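Protein chains: 2
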Amino acid sequence: MNYKVKKKQATAESKDRIIKAAVALFARQGYAGTGLRELAAAADVNLAMINYFFGSKQKLLKAILDVFFKGYLAIARSELTTDDDLQSKIGRFIASAGTFFEAHRDYLIVAITELPHDHPEIVEYKASWGKQMIEIIDREICRPLSAETGSPVSPVVIGPMLTSMMASPFLFAPLTERLRPGDSERVGGEDWQEMISMIFLWGIGGVQKKRAVLS
Amino acid sequence: MNYKVKKKQATAESKDRIIKAAVALFARQGYAGTGLRELAAAADVNLAMINYFFGSKQKLLKAILDVFFKGYLAIARSELTTDDDLQSKIGRFIASAGTFFEAHRDYLIVAITELPHDHPEIVEYKASWGKQMIEIIDREICRPLSAETGSPVSPVVIGPMLTSMMASPFLFAPLTERLRPGDSERVGGEDWQEMISMIFLWGIGGVQKKRAVLS
DNA sequence: TATTTTGTTAAACAAACGTTTAATTAGTAT
DNA sequence: ATACTAATTAAACGTTTGTTTAACAAAATA
């Protein structure tokens, strides 16, 4: 029953090399700053193969954003849409998202750097992702939180803020790696995840404050 | 004594229109995604004027980054390098930076979106800014903080994080404006500044936690 | 085996790119 | 008025851009 294997495999291999090379190049040079010939050379395929598989340069970008948006949204859904307390929900979400960001750091960089730009076709796609994301955060974080504290918090503020907090070491990595090589290596790991959770929940130096409240 | 006024005024006017139009276009379409002819048309100048004033497209980008980096660094210096307590230092810094970000939101978007990209000439310039920024944050925030809490915090983590937190509503504005128009209008204002300070210092829903510690 | 589908290639397309040049205008200084 | 400097212009430079086309190889289907 492997009558399709060889062909499909060949397809998958070339298509995969293209998208892998594209993410790497887009992350370091930007989407508009990367030429299709340069990409074709990096992926070791013929120039025409890119539009053969993806249709256009813009659809290739969309395919990349799709990986990040779908993955990040799925994590938010599975980790936040639960019944347990707010604190552990957020802790788990940050842990999962941190692992995801680390494994997809170039996807993350492309997504964030292209976020403010208005490619005609993609802008609606980004908006639909943002809408779903904000709905989840509103329902699972903001409402429970304001019920607890009394003061309402907007998911339109909290959502981007939390995402940016977690994304920051990856966005600044090209800078920080020059300054303190190695410091950014352990970003995304367990220690880092716990630190983000701590700061988001309890602020900087939150340890003793956390103790103060819990006691 | 105004023998040079008219000439210089004309110069300043054209040069000013170019950099203003450039910031607006770069923020919405990206640096590489904006052509010099498009920019010339938007600034209402001849194409050749751009390289006449700035030398090259890349140097124009550098001039834009310069405005943001110098301004942000100056705020960090003046608001953080003081003798009072950590909490009010951070509060003042966030307030000033928020006002600055709001007044220069397009500069901010250009700086952040071009941050991970490696334009050969500009990469060193960004690194030197990052180095100075991190030195200040280390000396004025991280060291006093770890002396207080006992656990050390890296400025390479805290710096990018705080910057990203404050930048997030501006980076996501093109998205959030579609979802909740008006919500992003008041970003950067006093309420927003106080909220960022609160979250950074005490975490989300920090009010009652702050009370718990202070009492 | 013949046919159709799928992957791959080289070549060409017009359009847009950043940059440079030489000529021209206009305001200032001698 | 003359000479000088700075601002502005139109035109062209050679590359590079994203996209398309037609031809070709190979594998799957019939």
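So the sequences go chain by chain: A and B. Under the numbering used here, think of the first position of the first sequence as 1, with each following residue one higher. Under the numbering used here, think of the first position of the second sequence as 216, with each following residue one higher. Beta carbons are placed, not taken as given, at the ideal position from N, Cα and C, and that holds for glycine. Since we're looking at a predicted model, the values are computed, not measured.
Does the distance between the C-beta of B/D299 and the nearest non-hydrogen atom of the ligand FMN fall short of 7 Å? Absence of the ligand FMN from the depicted structure is noted, as is the absence of any ligand whatsoever, leaving it without description.
With distance defined between alpha-carbon atoms, name the residue in A/R28, A/A97 and A/S128 nearest to A/D66. By 1-based counting over the first sequence, the position of residue 66 of chain A is 66. A check of alpha carbon separations from A/D66 across A/R28, A/A97 and A/S128 identifies A/S128 as the nearest.
Do the region 109-128 of chain A and the region 191-203 of chain A make contact, defined as three or more Cβ pairs closer than 8 Å? Output reads no: the region 191-203 of chain A does not touch the region 109-128 of chain A.
Using a Cβ-Cβ cut-off of 8 Å, state whether A/A32 counts as contacting chain B. As a first step, residue 32 of chain A is located in the first sequence; it is residue number 32 there, counting from the start. Chain B contact via Cβ: present.
For the candidate residues B/L394, B/G365 and B/I373, whose alpha-carbon lies nearest to that of A/S154? Position 154 of the first sequence, counted from the start, is the residue given in the question as residue 154 of chain A. When only C-alpha atoms are compared, the closest one is B/L394.
Own chain partners of A/R292 with C-beta closer than 8 Å, once the 5 adjacent residues on each side are dropped: The structure shown does not extend to residue 292 of chain A, since chain A spans only 1 to 215, so no value can be given for it.
Give a yes or no on whether 8 Å exceeds the smallest Cβ distance from B/F316 to chain A. For this step, residue 316 of chain B is matched to residue 101 along the second sequence. No - not a single Cβ of chain A is within 8 Å of the one on B/F316.
Quick one: is A/S78 buried, meaning 16 or more other Cβ sit within 10 Å of its Cβ, or exposed? Looking up residue 78 of chain A in the first sequence gives position 78. Looking at its Cβ environment, which holds fewer than 16 other Cβ atoms inside 10 Å, A/S78 is exposed.
Is A/Q29 close to chain B, meaning its C-beta is less than 8 Å from at least one C-beta of that chain? For this step, residue 29 of chain A is matched to residue 29 along the first sequence. It does: the Cβ of A/Q29 has a partner Cβ on chain B nearer than 8 Å.
For a minimum of 4 consecutive residues, which ranges assigned as the alpha helix (DSSP H) are wholly contained in the region 283-371 of chain B? The DSSP assignment places complete alpha helix (DSSP H) segments of no fewer than 4 residues inside the region 283-371 of chain B at 301-318, 320-329, 337-352 and 358-364, in order along the chain.
Would you tell me roughly how many angstroms separate the C-alpha atoms of B/P375 and A/G55, rounded to the nearest one? Along the second sequence, one-based indexing puts residue 375 of chain B at 160. Along the first sequence, one-based indexing puts residue 55 of chain A at 55. Taking the straight line from one Cα to the other gives about 37 Å.
Closer than 8 Å, CB to CB, is B/T296 near chain A or not? Within the second sequence, residue 296 of chain B is the residue found at index 81, counting from 1. So no, B/T296 is outside the interface.
Same chain, Cβ closer than 7 Å to B/L323, five either side skipped, listed in chain order: One-based indexing of the second sequence puts residue 323 of chain B at position 108. Excluding residues within five positions, the ones whose Cβ falls inside 7 Å are F283, F316, A382 and F385.
Does the separation of the CB atoms of A/I75 and A/A97 fall below 8 Å? Counted from its first residue, the first sequence places residue 75 of chain A at position 75. Counted from its first residue, the first sequence places residue 97 of chain A at position 97. Yes, these two residues count as a Cβ contact at 8 Å.
At the level of alpha carbons, what is the spacing between A/S151 and A/M133? Sequence index remark: in the first sequence, residue 151 of chain A carries index 151 (1-based). Sequence index remark: in the first sequence, residue 133 of chain A carries index 133 (1-based). Each residue's Cα considered, the two are about 22 Å apart.
In its own chain, which residues sit with a C-beta less than 6 Å from the C-beta of A/K15, not counting the 5 before and 5 after it? Here the question's residue 15 of chain A lines up with position 15 in the first sequence. Cβ neighbours of A/K15 beyond the five flanking positions: F53.
Enumerate in chain order the residues of its own chain whose CB-to-CB distance from A/L47 is below 8 Å, with the five nearest sequence positions on each side excluded. Locating residue 47 of chain A in the first sequence gives position 47, counting from the first residue. Only L36, R37 and A40 meet the Cβ criterion.
Whose CA, out of B/I419, B/L276 and B/F308, lies closest to the CA of B/I352? Position 137 of the second sequence, counted from the first residue, corresponds to residue 352 of chain B. Distances from the CA of B/I352 to each of B/I419, B/L276 and B/F308 were compared; the closest alpha carbon is that of B/F308.
Taking the C-alpha atoms as reference points, what is the distance between B/H334 and A/Q29? Here residue 334 of chain B refers to the residue found at position 119 of the second sequence. Here residue 29 of chain A refers to the residue found at position 29 of the first sequence. Approximately 8 Å between the Cα atoms of the pair.
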